[in-house]
Amino acid sequence: MPASGRQRKWIIGIDLGGSHFSVGLVSTSGALQSVQRHRVAVADGPAAIIDQMREVIFAQLDSQGLTRTDVLAVGIGSPGPFDRKAGVIIESYNLQWFDVPLVKMLRERVGMDVVLDGDAISATYGEWWAGVGRGSRHMVGLTLGTGVGGGLIINGAVYYGCSDLAGHFGHMIIEANGRVCSCGNQGCLEAYASASAIVGRALEKPKELRRSQAWKEIAGESHRLTAKVLYQWARRGDGFARALFEETGRYLGTGLAGIIHTVNPEIIVVGGAVAKAGNLLLTPARQEAGRRAFKSAFRRTRIVRASLAENAGVIGAAGLAQCHFGNQRPGAM
Ligand SMILES: [Zn+2]
62 MPASGRQRKW IIGIDLGGSH FSVGLVSTSG ALQSVQRHRV AVADGPAAII
112 DQMREVIFAQ LDSQGLTRTD VLAVGIGSPG PFDRKAGVII ESYNLQWFDV
162 PLVKMLRERV GMDVVLDGDA ISATYGEWWA GVGRGSRHMV GLTLGTGVGG
212 GLIINGAVYY GCSDLAGHFG HMIIEANGRV CSCGNQGCLE AYASASAIVG
262 RALEKPKELR RSQAWKEIAG ESHRLTAKVL YQWARRGDGF ARALFEETGR
312 YLGTGLAGII HTVNPEIIVV GGAVAKAGNL LLTPARQEAG RRAFKSAFRR
362 TRIVRASLAE NAGVIGAAGL AQCHFGNQRP GAM
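Residue 236 in the numbering used here sits at position 175 of the sequence shown, and the numbers go up by one each step.
In structure tokens form, the structure reads like this:
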């Protein structure tokens with residue numbers, strides 16, 4: 062069959078992180094066929110890294126017996142700040158990229174349409190299109206990782222706001238004079254519920270921390286303390302770690318009450334590495350949100366853990382590319 066008449070049934074999704082990228086081959090109905098994670102050598106510079114993206118894309122197509130004529134488009138989910146419409150990464154200190162025209166550079170290398178969007182929006186879209194948020198019309202996604210990201214689906218479509226800032230729930234203020242956030246403000250949700258904030262809050266209670274099992278595991282070397290070590294000990298019943306996650310859940314729940322009052326979503330999907338703590342975090346978060354939010358709205362809001370784990374970003378980036386270049390809106394009802 063000639064390439065022009067062939068149905069383009071596949072989309073490439075790329076999740077770009079500060080130290081790695083993942084490339085996934087996703088069907089136009091949202092099924093992940095294959096995914097490959099690749100560590101980046103920052104010192105090589107953007108051109109070499111984008112060359113690697115091209116290689117990984119074609120290796121995946123080859124392994125499935127596909128060519129680029131089978132692919133509708135490529136979607137990339139990236140941390141900010143970037144210019145979504147121009148397809149330019151404005152600055153990434155992790156990658157040492159400044160004003161890199163990523164969309165143009167990748168398009169030239171692969172000969173396919175390419176679109177850029179946010180990492181948290183991609184993860185939110187992935188959960189809405191192919192994960193636990195499927196079938197909802199109003200959804201909020203939160204990713205609790207190194208930072209706290211968010212995304213917003215309103216009336217079955219991504220909501221960006223007038224300058225792409227919508228959904229930055231990590232910088233919602235939950236304590237007016239609270240901890241200092243990476244953004245420079247005080248009291249943001251991110252300053253309490255991100256992985257680094259959880260570690261920071263643990264270190265702010267040195268007496269209790271030193272009595273905990275987590276402290277024994279890291280042999281008193283505070284640089285080895287991670288949110289993962291803490292939630293593993295919370296799960297095993299360590300009192301300090303449990304209390305820390307209950308408190309984190311209450312901070313999260315305070316933020317969720319604000320989200321419920323402003324967005325009134327059917328479902329709030331909590332993902333990212335910190336969400337692996339599961340109900341250690343979500344049970345106190347639900348209780349706190351229920352205590353603070355209007356009861357009628359709270360009863361209509363499901364607060365659930367993400368279902369696609371680390372693949373949400375790849376799947377969502379592909380879905381957003383289909384939105385952009387396809388003639389149908391994925392998941393539209
Ligand atoms: Zn902030």
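Ideal Cβ positions, reconstructed from N, Cα and C, are used throughout, including at glycine. The structure presented is a predicted model; accordingly, all values stated were derived computationally and were not measured.
Can you list, in chain order, the residues of its chain whose CB lies under 8 Å from that of residue i, leaving out five sequence neighbours each side?
i           : result
residue 166 : 107, 108 and 111
residue 197 : 189, 214, 326, 327 and 328
residue 235 : 248, 249, 250, 253, 312, 315, 316 and 319
residue 291 : 259, 260, 263, 275, 302, 305 and 306
residue 101 : 80, 81, 82, 110, 113 and 156
Output the boundary residues of the alpha helix (DSSP H) element that contains residue i.
i           : result
residue 304 : 300-324
residue 112 : 107-124
residue 103 : Counting along the chain, residue 103 falls outside any alpha helix (DSSP H), and DSSP gives it neither H nor E.
residue 290 : 288-296
residue 341 : 340-353
When you compare only the Cα positions, how much space is there between residue i and residue j?
i           : j           : result
residue 64  : residue 329 : Residue placement at residue 64 is poorly supported in this model, since its pLDDT is 46, which falls under 50; the coordinates are not used for a value here.
residue 87  : residue 323 : 33 Å
residue 233 : residue 249 : 5 Å
residue 188 : residue 367 : 7 Å
residue 327 : residue 347 : 14 Å
residue 139 : residue 77  : 5 Å
residue 382 : residue 105 : 27 Å
residue 168 : residue 174 : 6 Å
residue 299 : residue 376 : 36 Å
residue 128 : residue 119 : 8 Å
residue 379 : residue 269 : 45 Å
residue 386 : residue 267 : 53 Å
residue 264 : residue 281 : 11 Å
residue 72  : residue 192 : 17 Å
residue 340 : residue 99  : 31 Å
residue 92  : residue 155 : 30 Å
residue 145 : residue 251 : 23 Å
residue 74  : residue 84  : 6 Å
residue 372 : residue 89  : 16 Å
residue 219 : residue 278 : 43 Å
residue 358 : residue 195 : 20 Å
residue 362 : residue 204 : 18 Å
residue 202 : residue 307 : 21 Å
residue 141 : residue 365 : 26 Å
residue 273 : residue 199 : 41 Å
residue 185 : residue 360 : 22 Å
Which residue from the options puts its Cα closest to that of residue i?
i           : options               : result
residue 370 : 387, 225, 364 and 332 : 332
residue 244 : 270, 350, 219 and 208 : 208
residue 338 : 212, 315, 320 and 309 : 309
residue 179 : 383, 384 and 374      : 374
residue 147 : 303, 163 and 141      : 163
residue 256 : 302, 336, 246 and 206 : 206
residue 275 : 84, 305, 155 and 335  : 305
residue 262 : 152, 277 and 287      : 287
residue 316 : 100, 85, 79 and 352   : 352
residue 97  : 124, 90 and 79        : 124
residue 343 : 318, 334, 311 and 372 : 311
residue 254 : 335, 199 and 273      : 335
residue 176 : 194, 114, 203 and 135 : 135
residue 259 : 272, 238 and 283      : 283
residue 80  : 126, 115 and 153      : 153
residue 231 : 303, 349 and 181      : 181
residue 356 : 321, 345 and 365      : 321
residue 183 : 238, 199 and 137      : 137
Tell me which residues share the same chain as residue i and place their Cβ nearer than 7 Å to its Cβ, disregarding the 5 neighbours each side in the sequence.
i           : result
residue 69  : 131, 132 and 133
residue 157 : 103
residue 229 : 211
residue 221 : 227
residue 296 : 341
residue 121 : 84, 86, 95 and 97
residue 150 : 139, 143, 158, 161 and 163
residue 117 : 84, 97 and 99
residue 225 : 145
residue 171 : 115, 118, 129 and 135
residue 393 : Per-residue confidence for residue 393 stands at a pLDDT of 41, beneath the threshold of 50, marking its modelled position as unreliable; the derived number appears in the next sentence. So the list reads 217, once near-sequence residues are dropped.
Which residues bound the beta strand (DSSP E) around residue i?
i           : result
residue 127 : Here residue 127 belongs to no beta strand (DSSP E), and DSSP marks it neither H nor E.
residue 335 : Unbroken run through residue 335: none, as it is neither H nor E.
residue 75  : 71-77
residue 470 : The structure shown does not extend to residue 470, since the chain is modelled only from 62 to 394, so the question has no answer here.
residue 85  : 81-88
Among the residues of its own chain, which have a CB less than 6 Å from the CB of residue i, if the five just before and after it don't count?
i           : result
residue 241 : 247
residue 285 : 279
residue 294 : 274, 275 and 302
Length at least 3, wholly inside the stretch 201-277: the beta strand (DSSP E) runs in chain order: 209-215
Completely contained beta strand (DSSP E) runs for the stretch 359-384, where each covers 3 or more residues: 363-366
Start-end ranges of the beta strand (DSSP E) lying completely within the stretch 132-199, minimum 3 residues: The stretch 132-199 contains these whole beta strand (DSSP E) runs: 132-139, 149-153, 158-161 and 175-179.
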